[in-house]
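Residue numbers (numbering that gives the first Met the number 0): 0 to 240.
Following: one structure in structure tokens, then a few remarks.
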Amino acid sequence: MEAPALSLARLGRTKVRHRCSFRSAVASRKQRDLRGQDAPVQLDMYLTAVHEAGHAVICYAVGLGCGEIALTAHILSKGAYGGTDGESGSGMKAGNRTGDAFHRGEFNQLLLGNAVLAMAGMAAERKAMIGLGVPPHVAAGASGDRALWNDVAKIYVRQDRRRTKFAFAARVWRIVQDAVDDPRIWQAVLHIARRLFEGLSATTFRKRKAKIRHALPGRAAVATMLRHGVRAGMLQPDLTG
Ligand SMILES: [Zn+2]
0 MEAPALSLAR LGRTKVRHRC SFRSAVASRK QRDLRGQDAP VQLDMYLTAV HEAGHAVICY
60 AVGLGCGEIA LTAHILSKGA YGGTDGESGS GMKAGNRTGD AFHRGEFNQL LLGNAVLAMA
120 GMAAERKAMI GLGVPPHVAA GASGDRALWN DVAKIYVRQD RRRTKFAFAA RVWRIVQDAV
180 DDPRIWQAVL HIARRLFEGL SATTFRKRKA KIRHALPGRA AVATMLRHGV RAGMLQPDLT
240 G
């Protein structure tokens, strides 16, 4: 069903994009450059790359497309590391459909997909930490993720009084953890993360306050996913579960 022209026109101008902002434990750490001088900084940047790749691969797998994926490292004065932010988004058409679904306020497959992709960054990061033998911590700074998840959860509980956000969180987390355990998805996440991390850490370091951004075009990320067997829409979580 077509949405009213007015809302579509309004939503058409809205760039549906999600941003994760981290201020991790290693922020403000002094280091000489971004190319391997400091292992905790490298690990922080790599885990942020895994987090963002997790969002992007799950976004594509639930059928919401894949736009540009980017990391931005913040360099504070005198070369101190101030953490790395990540951003990723769906394709423009999928973004419009999502905006429209939020506008209608009716829980559906598209909104469940958004809740799943919102948690995908944390799930990917956690799996990578376990794999590397690093004690897993919660990505507490990922406020964009919580906001997106919360927008869906509100619509979900509003439709049935017996529903709780707690149960919804547990269910979405289960779906996401199963998804990142799929070897096709996980290999695609690791490859994309490696490209993002290598691109960022190879960038020339500056000894003054700066933001160093490295982006991977959506089409390059999709090519990597397809090579690993990830298909658009292959992940269709059960709406009624
Ligand atoms: Zn995130």
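Ideal Cβ placement from N, Cα and C applies to all residues, glycine included.
From a predicted model like this one, the values you see are computed outputs, not experimental measurements.
Distance from the C-beta of E105 to the nearest heavy atom of ligand 1 is not below 8 Å.
Checking the 8 Å criterion, the Cβ of G85 is within range of a heavy atom belonging to ligand 1. With a threshold of 8 Å, the Cβ atom of M44 does not count as near ligand 1, since no heavy atom of the ligand is closer than that. The region 73-151 contains, as complete beta strand (DSSP E) runs of 3+ residues, the segments 79-88 (chain order).
Under DSSP, the beta-bridge partners assigned to R212 are T71. Spanning the alpha carbons of L189 and R218 requires a straight line of approximately 17 Å. Leaving aside the five residues that flank K164 on each side, the residues in its chain whose CB is nearer than 7 Å to its CB run, in chain order, A152 and V156. Of the heavy atoms belonging to ligand 1, none sits nearer than 8 Å to the Cβ of E67. In the three-state scheme derived from DSSP, where H, G and I count as helix and E and B as strand, G66 is classed as coil. The shortest CA-to-CA distance from A123 to any of P182, A79, R226 and A168 is the one to P182. Just so you know, the alpha carbons of G53 and N107 end up roughly 22 Å apart. With respect to the 9 Å criterion, G120 and G90 are not classified as neighbours on the basis of their beta carbons.
Check the Cα spacing between A117 and each of D159, Q176 and R103: the tightest is with Q176. DSSP places D237 in the coil class of the three-state scheme, outside both helix and strand.
Q41 and E197 have their alpha carbons spaced roughly 10 Å apart. A Cβ-Cβ separation of about 21 Å leaves V49 out of contact with A146 under the 8 Å criterion.
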